[in-house]
Ligand SMILES: Nc1ncnc2c1ncn2[C@@H]1O[C@H](COP(=O)(O)OP(=O)(O)O)[C@@H](O)[C@H]1O
Ligand SMILES: [Mg+2]
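Chains as they are written, first to last, in our numbering: chain S, 391 to 485; chain V, 762 to 1031.
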């Protein structure tokens, strides 16, 4: 599918591919460049999710990648939050 | 007091030194007094592109260390009495120069010249900081390729941030180099317009990928002002630097649409 795209001028010239890749890489470079903003976002997400479930703070990671599983939007940057759950609000414990 | 212009890019091999030699030569041809400084310590380059490699006695580090006076280290070009080169040193110690020293030197040089042009090394390390320290204008060079544009974006981010170390840049303009018209036409190369859209800075010139550049580098004679595609493109850049409104359509820009310029040229090519 990807190979088709690279070689087919109809679905995407190499310029269009370059543009898509550039847009993504420039965004992720910029977001990646500001650890403060990432930290702030992490705090906010943690606060929100913690209303519903208890999260293991120490193992909480937040990353930006371009590997989106949804094939329709494979060129979009995605934020992946990894939040190990300690305890649900129904009382089930995992740690 | 002259203007201090740094030519920078992030990525290596995109044409900083070529642009420096040709813009320096073009401005000298137009009658301005120009001093070019090779700030790439350890990787001296501008001297050979200018064809002045046999005349070097003193270098940048000698001047900064006080081993000679500035005037002793400046090499006059073969063709213009108003064009000078301050060559870089081939020392291994890249930290031989500090940004404060470069800033002071640039100030002294711009007392003497209308334009001081600094050829910046690749990267964003010490050499880059040195080169930008004394400059007020930055010309960012890129090619229409993903990797070069990405690095240009990093550089522009640093230059636009007033909190960056040693940053006194108040004007940033873009040169798109090594453009191949046929490939742009076939949608196999980003157009200068595309690059401008991505980077969000004003365009000051578009240089075609031109084999005459290789020939001119072989000879050590810059081609600015010659009757070649690249030679004319450099003349246009020089005129724009001196404040002239050169429409990109006269062989360049119409309003701001490089597209017009290219469609014209492409018609000529095909
Ligand atoms: N517009 C152009 N057309 C053809 N060759 C070019 C052009 N601009 C630069 N080059 C070549 O590309 C190479 C790298 O250029 P250079 O100016 O040394 O880059 P940098 O200083 O950014 O490392 C050189 O061999 C040079 O002759
Ligand atoms: Mg160089």
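Idealized CB from N, CA, C, for every residue including glycine.
Note that the coordinates shown come from a computational prediction; the quantities given were computed from them, not determined experimentally.
Below-8 Å beta-carbon distance, residue 431 of chain S vs any chain V residue = False, the Cβ-Cβ gap to chain V never drops below 8 Å.
Going by beta carbon distance, what residues of the same chain come within less than 8 Å of residue 852 of chain V, once the five residues before and after it are set aside?
-> 802, 803, 822
Assign residue 966 of chain V to one of three DSSP states: helix, strand, or coil.
-> In the structure shown, residue 966 of chain V falls within a strand segment according to DSSP collapsed to helix, strand and coil.
Using a Cβ-Cβ cut-off of 8 Å (strictly less than) and excluding sequence neighbours within five positions of residue 973 of chain V, which residues of its own chain qualify?
-> 984, 987, 989, 990, 991, 992
With contact counted as at least three CB pairs below 8 Å, one residue from each stretch, are the stretch 903-913 of chain V and the stretch 932-949 of chain V in contact?
-> yes
How many whole angstroms separate the CB atoms of residue 867 of chain V and residue 769 of chain V, which I take to be in contact at a CB cut-off of 8 Å?
-> At roughly 14 Å, the Cβ-Cβ gap does not stay under 8 Å, so residue 867 of chain V and residue 769 of chain V are not in contact.
In terms of alpha-carbon separation, which member of V/858, V/827, V/847 lies closest to residue 834 of chain V?
-> V/847
Backbone CA spacing between residue 464 of chain S and residue 407 of chain S [nearest angstrom] | Bear in mind that a pLDDT of 46 at residue 464 of chain S, under 50, signals an unreliable position, so the model cannot answer this.
Proximal chain B residues relative to residue 409 of chain S, where beta-carbon distance stays under 8 Å = Looking at the structure shown, chain B is missing, and the protein chains on hand are S and V.
Residue range of the alpha helix (DSSP H) that residue 862 of chain V falls in?
-> 860-873
Can you round the beta-carbon distance between residue 930 of chain V and residue 896 of chain V to whole angstroms, since I take them to be within the 8 Å contact cut?
-> Separation of the CB atoms of residue 930 of chain V and residue 896 of chain V is rounded to 6 Å, and the pair is thereby assigned contact status at 8 Å.
Could you check which residue in V/830, V/841, V/778, V/947 has the C-alpha nearest to that of residue 878 of chain V?
-> V/778
Residues with a Cβ closer than 5 Å to any heavy atom of ligand 2, in chain order?
-> V/777, V/778, V/806
In the DSSP assignment, find the unbroken alpha helix (DSSP H) run with residue 998 of chain V in it and report its ends.
-> Segment 990-1002, the alpha helix (DSSP H) holding residue 998 of chain V.
What is the C-beta distance between residue 876 of chain V and residue 763 of chain V, in whole angstroms, given that I count them as a contact (C-beta under 8 Å)?
-> 5 Å
Keeping to the same chain, check which residues put their C-beta closer than 6 Å to that of residue 934 of chain V; ignore five residues upstream and five downstream.
-> 900, 963, 965
So does residue 775 of chain V have its beta carbon nearer than 7 Å to some heavy atom of ligand 1?
-> yes
Is residue 938 of chain V near ligand 1, going by C-beta to nearest heavy atom under 7 Å?
-> yes
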